[in-house]
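Engineer: Under numbering that gives the first Met the number 0, residues 0 to 374 are what the sequence shown spells out, in order.
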Amino acid sequence: MKIAVAKELDPAEPRVAATPDTVKKLKALGADVAVEPGAGIKSGIPDADFTAVGATVSADALKDADVVFKVKRPEASELAKYKRGALVLAIMDPYGNDAALKSMADAGVVAFAMELMPRITRAQVMDVLSSQANLAGYRAVIDAAESFGRAMPMMMTAAGTVPAAKVFIMGVGVAGLQAIATARRLGAIVTATDVRPATKEQVESLGAKFLAVEDEEFKNAQTAGGYAKEMSKEYQAKQAALTAEHIKKQDIVITTALIPGRPAPRLVTAEMVKSMKPGSVLVDLAVERGGNVEGAKPGEVVEIDGVKIVGYTNVAGRIAASASGLYARNLLSFFETMVNKEKALAVNWEDELVKATALTRDGAVVHPNFQPKTA
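(1) Output the distance between the C-alpha atoms of P162 and A5, rounded to the nearest integer angstrom.
(2) Indicate the three-state DSSP secondary structure (helix, strand or coil) for L78 in the structure shown.
(3) Helix, strand or coil: which one does DSSP assign to L128?
(4) Please state whether the Cβ-Cβ distance between A38 and A64 is less than 8 Å.
(5) Keeping to the same chain, check which residues put their C-beta closer than 6 Å to that of R360; ignore five residues upstream and five downstream.
(6) On the three-pair Cβ rule with 8 Å, is the segment 329 to 342 touching the segment 24 to 43?
(7) Shorter than 7 Å, the distance from the beta carbon of E293 to the closest heavy atom of the ligand FMN, or not?
(8) Please confirm if the segment 120 to 132 is in contact with the segment 100 to 108, defined as three or more CB-CB distances below 8 Å between the two stretches.
(9) Tell me which residues share the same chain as K307 and place their Cβ nearer than 6 Å to its Cβ, disregarding the 5 neighbours each side in the sequence.
(10) I need the straight-line Cα distance from A295 to K69, nearest angstrom please.
(11) Here's a check: name, in chain order, each residue in its chain whose Cβ is nearer than 6 Å to the Cβ of A3, leaving out the five neighbours to either side.
(12) Helix, strand or coil for F369, going by three-state DSSP, please let me know.
(13) Spatial neighbours of A150 within its chain, please: CB distance less than 6 Å, with the 5 preceding and 5 following residues excluded, ordered by chain position.
(14) Where does L331 sit, in a helix, a strand or coil, going by DSSP?
(15) Cα-Cα, which of M169, A256, Q177 is closest to Y190?
(16) Please confirm whether P117 and E351 have their CB atoms less than 8 Å apart.
(17) Could you tell me the boundaries of the alpha helix (DSSP H) in which A239 lies?
(18) Hey, T254 and A285 are a contact pair by Cβ (cut 8 Å); roughly how many whole angstroms apart?
(19) Would the beta-carbon of V15 fall within 8 Å of that of D142?
(20) Give me, in chain order, the residues of the same chain whose beta-carbon lies closer than 6 Å to that of V166; leave out the 5 immediate sequence neighbours on both sides.
(21) Taking buried to mean at least 16 other C-beta atoms within 10 Å of its own C-beta, is N133 buried or exposed?
(22) Ends of the beta strand (DSSP E) at G107?
(23) Which of the three DSSP states is assigned to T255 in this structure?
(24) Looking at the structure shown, is A144 part of a helix, part of a strand, or coil, going by DSSP?
(25) For I44, count the other beta carbons within 10 Å of its own beta carbon; 16 or more makes it buried, fewer makes it exposed. Which is it?
(26) DSSP three-state call for R360: helix, strand or coil?
(27) Tell me the rounded alpha-carbon separation between M155 and A164.
(28) From the DSSP output, which residues share a beta bridge with F209?
(29) Look at A89 and A135 and say whether their C-beta atoms are less than 8 Å apart.
(30) Could you pull out every unbroken alpha helix (DSSP H) segment of at least 4 residues lying fully inside the segment 283 to 343, listed in chain order?
(31) Please go through the segment 18 to 95 and give each complete beta strand (DSSP E) segment of 3 or more residues, from N-terminal end onward.
(32) Over what stretch of residues does the beta strand (DSSP E) that includes I168 continue unbroken?
(33) If you draw a straight line from the alpha carbon of A355 to that of H366, how long is it in whole angstroms?
(34) My understanding is that D48 touches P19, with C-beta atoms under 8 Å, so please give their C-beta distance in whole angstroms.
(35) Name the two residues that bound the continuous beta strand (DSSP E) containing G159.
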């Protein structure tokens, strides 16, 4: 079986879908691995590092490949190079992208969306949302510290005391928890909020203070899959009033709230931004889905009355070497389930991991959540 590691066409995507470490393991599974030239450069992996572990570096890497590893969903120009029946493992961003799914179906590829991996114990090592969000949460704090004109920890000097920065994390998923931990390591005073009651204990275990309207709706605000539910307008209003007062006193606010398949919930209004002190910083990790912060712009740092709103996109990609290392291991772990003891490709179509992630097969969109709508 031949595995191709594609170079990302998007100039804003620095990550790569394999590393020398994962290539070695793919070779041990019996695969021939071909890498497109320059695929790993932006992640600090020169072509020579791939050839040193037995991969072939070739402009024709995609030709006749049985499996393609990518970071982002293949574009139409790439699909023309794929053979029909090839398995494609990538972050597919399927919500609202029906035309792109149809293109993959029409190209005859079997597309697997890594971000749809179920959150079950055996799939933890394959969970790209967690691996990349973890790094995004860390990087969000680093970006906030860079934009903040003061020190983060309290410093007692002969010339006087520098107070610790006050950091507020909104949304305590994987990214939020890592943001809390990182801000605490940097010496900040950290508070956090989330609609899921289970997060309160997690927040407090990291040494931060939890902030929420803890009513009956709050106690039932988590799906069976561990995701946040969309809250009622009444709850949102009560929570907004509580957070509005809190935000006024904060130096840094980091928002991480995303609901799969929906626009990002608006957590911070323009009025809340205006209430903050000049020099304060907001980092919006949901900016690519419409943003949690009013006024945030994808790929930009906006300044409003001295308050900065940081809207960097692909934040995990801002630490590409680390992000690629984790993502490559996510892909490898999933792919290992598709190889039998004879070291041959053998996808088990009844496996719950396959059922949850397979988008297209045999020329059609097969995932129940993304079936073409009939009139």
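No residue lacks a Cβ here, since even glycine has one placed at the ideal position from N, Cα and C.
Structural biologist: This is what the structure holds:
(1) 48 Å
(2) helix
(3) helix
(4) no
(5) V109
(6) yes
(7) You won't find the ligand FMN in this model; it holds no ligand whatsoever.
(8) no
(9) S146, V280, V300
(10) 29 Å
(11) A33, A60, L61, A64, V67
(12) helix
(13) V161
(14) DSSP places L331 in the helix class (H, G or I) of the three-state scheme.
(15) Looking at the sequence provided, one finds Thr at residue 190 rather than Tyr. Nearest of M169, A256, Q177 to T190, Cα basis: M169.
(16) yes
(17) 232 to 246
(18) Contact flag correct, Cβ pair sits at about 6 Å.
(19) no
(20) A182, A187, V189, I251
(21) buried
(22) From DSSP, G107 is part of no beta strand (DSSP E); its letter is neither H nor E.
(23) coil
(24) DSSP places A144 within a helical segment (H, G or I) once states are collapsed to three.
(25) buried
(26) DSSP, reduced to helix, strand and coil, places R360 within a strand of the structure shown.
(27) 14 Å
(28) DSSP, once it has assigned bridges, lists A191 as partnering F209.
(29) No, these two residues do not count as a Cβ contact at 8 Å.
(30) 319 to 335
(31) 31 to 34, 66 to 71, 86 to 90
(32) 165 to 169
(33) In this structure, the alpha-carbon of A355 lies about 8 Å from that of H366.
(34) Indeed, because the Cβ distance is near 5 Å, the residues count as touching under 8 Å.
(35) 159 to 161
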